[in-house]
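Here the structure is laid out as structure tokens; the discussion comes afterwards.
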Amino acid sequence: MVDTNTLINQLYKRYEIYSERKFTNKFIKHLLIKELIIGLGTSPLFEISEIGKSVLEKEIYCIKIGKGKIKILLWSQMHGDEPTATMSLFDFLNFFSAKDEYDSFRNEILEKLTLYIIPMLNPDGAEVFKRENAINIDLNRDYIKAVSPEAKILKQLQKELKPQFGFNLHDQDSYYSPGNSYKSTAMSFLAPPQDHSNEITPVRKEAIRVISGIISVLQEFIPGHIARYKDDHEPRSFGDNFILNGTSSILIESGYWASDDNKFFIRKLNFVALLSALKIICTGEYKLCEDKTYFDTPVNMESFFDLLIEDVTVIRNDNNYKVDIGIIRKKEFDINNNCYKIKSFIKEIGDLSFSNAHDIFSKNGLVLVEGNLSIDGEANLKLRGNDDIIYFFENGLLIIG
Ligand SMILES: [Zn+2]
226 MVDTNTLINQ LYKRYEIYSE RKFTNKFIKH LLIKELIIGL GTSPLFEISE IGKSVLEKEI
286 YCIKIGKGKI KILLWSQMHG DEPTATMSLF DFLNFFSAKD EYDSFRNEIL EKLTLYIIPM
346 LNPDGAEVFK RENAINIDLN RDYIKAVSPE AKILKQLQKE LKPQFGFNLH DQDSYYSPGN
406 SYKSTAMSFL APPQDHSNEI TPVRKEAIRV ISGIISVLQE FIPGHIARYK DDHEPRSFGD
466 NFILNGTSSI LIESGYWASD DNKFFIRKLN FVALLSALKI ICTGEYKLCE DKTYFDTPVN
526 MESFFDLLIE DVTVIRNDNN YKVDIGIIRK KEFDINNNCY KIKSFIKEIG DLSFSNAHDI
586 FSKNGLVLVE GNLSIDGEAN LKLRGNDDII YFFENGLLII G
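Going by this note's numbering, the sequence shown opens with residue 226, and the numbers climb by one from there.
Laid out in structure tokens, this is it:
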């Protein structure tokens with residue numbers, strides 16, 4: 226078989242052939258996922274089972290593929306507003322359905338590995354694009370008590386299958402950079418600790434080596450845009466508990482890429498990250514990957530604002546104060562109007578000259594005419610420039626000016 230970097234490079238170039246075209250934006254819902262899964266069921270390659278239902282009784286499926294000794298569990302979208310990897314999982318499944326010159330690679334994977342794939346563990350959250358499930362439980366804080374049916378399903382499956390590896394697929398906010406660099410984090414990774422000691426146990430070490438292998442491949446495509454997720458122990462989360470219970474759990478966070486609103490580029494990176502991981506697991510190459518690659522990868526830092534408005538004069542009691550305003554935007558689902566809308570909040574006010582931002586608004590002589598400058602308040606601001614032009618920001622977006 227060709228070496229990992231050459232193979233993944235070729236598949237990166239051929240990605241469009243495998244990408245699932247039914248995803249036209251990132252706001253994907255259960256109905257489409259169900260349709261795609263039913264479609265897969267017609268192929269003898271996939272074994273589909275309904276493994277339970279969400280609070281609002283939407284089916285949660287597991288797709289089994291392969292017949293190898295090494296079991297791998299992959300799940301996405303336990304946070305409803307984190308859909309990137311769900312799309313990648315279908316690209317990835319399409320890759321296995323295809324027949325082309327990569328058949329020997331596919332066959333080797335399917336001979337040596339058995340994959341159990343749960344796309345969209347939280348369909349109720351996905352329906353309204355929110356993190357939590359229908360009763361507002363964060364599934365990734367529900368491992369221990371497993372109150373929610375969705376968490377119960379995943380916990381049970383790990384106990385039954387005892388997979389050697391687990392891939393915990395998420396999206397992270399847009400404000401991270403690898404360390405204090407001026408680049409955004411496109412992908413971040415974590416082999417979580419099993420307790421507060423942060424010890425590198427043998428199970429965790431396996432996850433670290435796989436991540437090192439993935440990073441070595443990805444850095445060719447996105448140099449400087451890869452980070453390590455912070456490794457604070459969270460006793461209620463799945464990854465930490467899976468490591469404790471013998472599954473080398475790998476957290477993959479889909480981050481930010483400029484002008485990639487639907488995260489289709491990040492989706493492609495996930496596709497190659499997953500294929501790289503399977504390649505090095507099935508050949509055993511991961512055992513030779515150096516922990517150093519993982520530990521040398523800078524940790525995520527919160528350093529980006531979505532919008533930075535520079536040098537705004539605020540007048541209080543006849544005194545003038547010149548400040549920068551750092552704003553974060555989030556997309557939320559508006560149930561009443563059945564649409565998505567941007568919500569914003571002001572994160573920081575003052576000297577932000579050392580901060581990064583995806584958007585910078587800078588004009589001469591800006592003065593705050595109207596609007597509340599409060600931390601965590603919505604960014605509805607009216608500013609006047611030197612030229613008397615009024616700039617009106619509604620929810621952190623410039624709508625007039
Ligand atoms: Zn998440």
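Every residue gets a Cβ at the ideal spot worked out from N, C-alpha and C, and that includes glycine.
Please confirm whether residue i and residue j have their CB atoms less than 8 Å apart.
i, j, result
"LYS296", "TYR341", "yes"
"GLN397", "GLU478", "yes"
"GLY438", "TYR511", "yes"
"ALA452", "SER413", "yes"
"MET303", "TYR401", "no"
"LEU500", "ILE233", "yes"
"SER274", "CYS287", "yes"
"ARG429", "ILE468", "yes"
"LYS259", "GLU284", "yes"
"GLY626", "ILE615", "yes"
"LEU598", "LEU533", "no"
"HIS458", "ASN423", "yes"
"ILE571", "ILE585", "no"
"LEU476", "LEU415", "yes"
"SER569", "GLU535", "no"
"GLY449", "PRO374", "no"
"THR309", "LYS488", "yes"
"TYR565", "LYS556", "yes"
"ALA411", "GLY480", "yes"
"VAL280", "ASP349", "yes"
"TYR407", "ASN563", "no"
"LEU335", "GLY293", "yes"
"LEU298", "PRO427", "no"
For residue i, which beta-bridge partners are listed by DSSP?
i, result
"ARG609", "VAL592, ILE615"
"LEU314", "For LEU314, which the question treats as bridged, DSSP gives no partner whatsoever."
"TYR341", "LYS289, LEU298"
"ALA452", "SER413"
"ASN562", "In DSSP, ASN562 forms no bridge with anything."
"THR538", "LYS547, VAL592"
"ALA582", "PHE530"
"PRO403", "ASN525"
"LYS278", "GLU284"
"ARG554", "SER569"
"GLU478", "HIS395, SER413"
"SER473", "PHE390"
"LEU623", "PHE618"
"ILE263", "For ILE263, which the question treats as bridged, DSSP gives no partner whatsoever."
Between the Cα of residue i and those of the options, spot the shortest distance and give me the residue it belongs to.
i, options, result
"ALA359", "PRO344, SER528, LYS370, ALA376", "ALA376"
"GLY590", "GLU445, TYR546, THR538", "THR538"
"GLY575", "PHE320, ILE600, TYR407", "ILE600"
"ILE343", "GLU357, VAL442, PHE317, PHE520", "PHE317"
"LYS355", "ILE468, PHE558, PHE271", "PHE558"
"THR231", "LYS504, ALA416, ILE253", "LYS504"
"PRO417", "ALA432, ALA411, ASN405", "ALA432"
"ASN561", "GLU275, LEU314, VAL353, TYR240", "VAL353"
"GLU272", "LEU299, LYS283, ILE290, ILE440", "ILE290"
"TYR243", "GLY293, MET312, GLU284, ILE285", "MET312"
"VAL594", "GLY602, GLY610, TRP482", "GLY610"
"HIS255", "GLY264, TYR237, LEU346, LEU299", "LEU346"
"SER528", "ARG492, SER399, ILE625, ILE491", "SER399"
"GLY596", "GLY602, LYS588, SER587, LEU606", "LEU606"
"ASN319", "LEU270, ASN405, SER484", "LEU270"
"SER484", "SER409, SER462, ASP521", "SER409"
"THR229", "GLU445, GLY480, PHE579, LYS517", "GLU445"
"ASP456", "PHE520, ALA604, THR339", "PHE520"
"ALA502", "PHE390, TYR407, ARG239", "PHE390"
"ILE276", "ALA411, ASN495, TRP300, ILE253", "TRP300"
"LEU608", "VAL548, ASP486, LEU261, ILE436", "VAL548"
"CYS507", "ILE253, LYS251, LEU338, GLU245", "LEU338"
"ASN333", "ASP612, GLN235, GLY509", "The sequence as given places Glu at residue 333; Asn does not occur at that position. Comparing Cα-Cα distances from GLU333 to each of ASP612, GLN235, GLY509, the minimum goes to GLY509."
"ASP465", "HIS421, VAL497, TYR481, LEU443", "HIS421"
"THR518", "SER441, LYS387, LYS292", "SER441"
"VAL372", "GLU619, HIS583, ARG461, PRO523", "ARG461"
"ILE253", "LEU265, LEU314, TYR237, ILE436", "LEU314"
"LEU236", "LEU443, THR472, ASP613", "LEU443"
"PHE321", "PHE496, LYS238, PHE579", "PHE496"
"GLU573", "PHE530, GLU357, ILE263", "PHE530"
"SER473", "ILE436, ASP612, ARG492", "ILE436"
Please confirm whether residue i has its beta-carbon closer than 8 Å to some beta-carbon of chain C.
i, result
"VAL372", "Among the protein chains of the structure shown there is no chain C, as only one such chain exists."
Contact shell at 5 Å, judged by CB to any heavy atom of ligand 1, ordered along the chain: HIS304, GLU307, HIS395
Are the stretch 318-336 and the stretch 381-391 touching by the rule of at least three beta carbon pairs closer than 8 Å? no
Evaluate contact between the stretch 528-543 and the stretch 363-374, counting only Cβ atoms and requiring at least three cross-stretch pairs below 8 Å. no
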